[in-house]
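For the sequence shown, position 216 (counting from the first letter as 1) is numbered 216 according to my numbering, and the numbering increases by one without interruption. Backbone N, C-alpha and C define an ideal beta-carbon position, used for all residues, glycine too. Worksheet: one structure, shown below.
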Amino acid sequence: MHIGIFADGGFEKGMGHAVRMKRLAEELKHRCSITFYTNDESEQFLQEEYWQVIVKPELQQNECILREINDKKLDLLLFDILGAPVDLLTKIKAGTDAKIVLFEEKNERAIGQSDAVINGIYSDVRSKVYDQGNTRVYEGPDYLILHPAFQAARADYALKEDCRNILVALGGSDPKQLVFKVIAAADQLPDRKHKKMIFIMGSASPHQEAVRKLIQNKPQYALIEQTNDMAMFMKQADAAIVAGGISLYEAICIGVPCLVLSQVAHQTATAAKFAEHGAVLDLGLGENVSVEKLAYHMSQIFSSYPLRLSLHEGGRPLVDGKGMKRVSAILYDLLDDKI
């Protein structure tokens, strides 16, 4: 069986789509052939020996994709991009027998042209399955694609009373440059010299060098440029400052108490829902939060073990980290229907 995966990423779009699909491809590669279709900014990140990566052309993109589907006889198409192209999906449905699965999609017209939709993030914190016309929709954290290492980290994690290690993960590109605001706020904490802060920045972030220079004389701060083992760093954290994307779910899965600074509007909706369940301390859009307010809430979460324990206990039941197996089972069922 041959799967085509469409996933873009970069500074403006963030890397969440590409990261999610690369993780899923790692799971599927043992039973399927895989071809990625992506943009220039994500090409290098997605390159692996186990699959082919094709950069989509700027011109006549839909025609190129339709040719690829027919030439390669693709059986299953996964779209994890910002806004699935309805016109293309309609042509695929009319001209091929490939199954279509959309990820994080709310557009009803696009959903109507797909066989299944998997909304791990664009949903409530309670999972559900329902039919929308002829399309099966899977929603909630039960269908969130996390690296398998997070299940192991979840089993090993123990919350400590003393908060000394803080992880800062603000997305693969940090388009709002929130890392500088976090550093400024951390510099205001009276006990900052007793807190080790690890800043993890993705490959799509253009301001890694500026951060490195800013913290070079602050031994309590450390910068990690891209990592393939986020679970290991999170497992060591007593608290975390995250954006409202995938890092939020990773922290909740393990049980790390976290403060959320969202990068974009749709992340604020996710963070607010988790906050309603007592799972996170949510500050809304990070660009609207003052350094003083951020410093106050950082001090609050770092200094209060009862608060961190409450967040730990409120969040862990909501994200079990088993979404990868659930999603791959859904995809294999769709492929089996074609046999």
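request  = Consult DSSP for Arg-150 and reduce its assignment to one of helix, strand or coil.
outcome  = Here residue 150 is Phe; the residue named in the question, Arg, does not match the sequence. If DSSP states are grouped into helix, strand and coil, Phe-150 belongs with the helices.
key: Proximal residues to Val-291 (C-beta, below 8 Å), its chain only, five neighbours per side dropped   = Excluding sequence neighbours, Val-291 sits near Lys-181, Ala-184, Ala-185 and Gln-188.
task = Work out the CA separation of Glu-58 and Asp-87 for me, nearest whole Å.
result = 16 Å
Whole-Å CB distance - Leu-248 paired with Thr-270, under 8 Å assumed = 7 Å
inquiry  = For Lys-349 and Ile-81, what's the separation of their Cα atoms in angstroms?
reply    = Because the chain here runs from 1 to 339, residue 349 falls outside it and cannot be looked at.
query = Going by the beta-carbon positions, is the gap between Glu-41 and Ala-204 smaller than 8 Å?
reply = yes
ask   = Ordered along the chain, which non-local residues of its own chain (more than five positions away) have a Cβ less than 6 Å from that of Arg-136?
value = The answer, listed in chain order, is Ala-116.
query = What is the DSSP secondary structure of Cys-253, reduced to helix, strand or coil?
reply = helix
query = Taking all protein chains shown into account, do 16 or more other C-beta atoms lie within 10 angstroms of the C-beta of Ala-142, making it buried, or fewer, making it exposed?
reply = Contrary to the premise, residue 142 reads as Asp rather than Ala in this sequence. The residue is buried, with at least 16 neighbouring Cβ atoms inside 10 Å.
task = Compute the Euclidean distance between the alpha carbons of Ala-231 and Phe-150, then round it to the nearest angstrom.
result = 5 Å
task = Excluding the 5 residues preceding and the 5 following Val-84 in the sequence, name in chain order all residues of the same chain whose CB lies nearer than 6 Å to its CB.
result = It should be noted that the sequence gives Ala, not Val, for residue 84. Same-chain partners within the cutoff: Leu-102, Glu-105 and Ala-110.
key: Same chain, Cβ closer than 6 Å to Thr-96, five either side skipped, listed in chain order   = Ile-69
ask   = By how many angstroms is the C-alpha of Lys-91 removed from the C-alpha of Ala-240?
value = 45 Å
query = Given Gln-220, which residues of its chain have a CB within under 7 Å of its CB, disregarding the five upstream and five downstream residues?
reply = Excluding the 5 residues flanking it on each side, Gln-220 has same chain C-beta neighbours closer than 7 Å at Arg-192, Lys-193, Lys-195, Lys-196 and Met-197, in chain order.
message = Can you tell me whether His-2 is helix, strand or coil according to DSSP?
response = strand
ask   = With 16 other CB atoms within 10 Å as the buried threshold, where does Asn-288 fall?
value = exposed
Sheet register partners of Asp-238 (DSSP bridge) = The partner list for Asp-238 (beta bridge, DSSP) is empty, contrary to what the question assumes.
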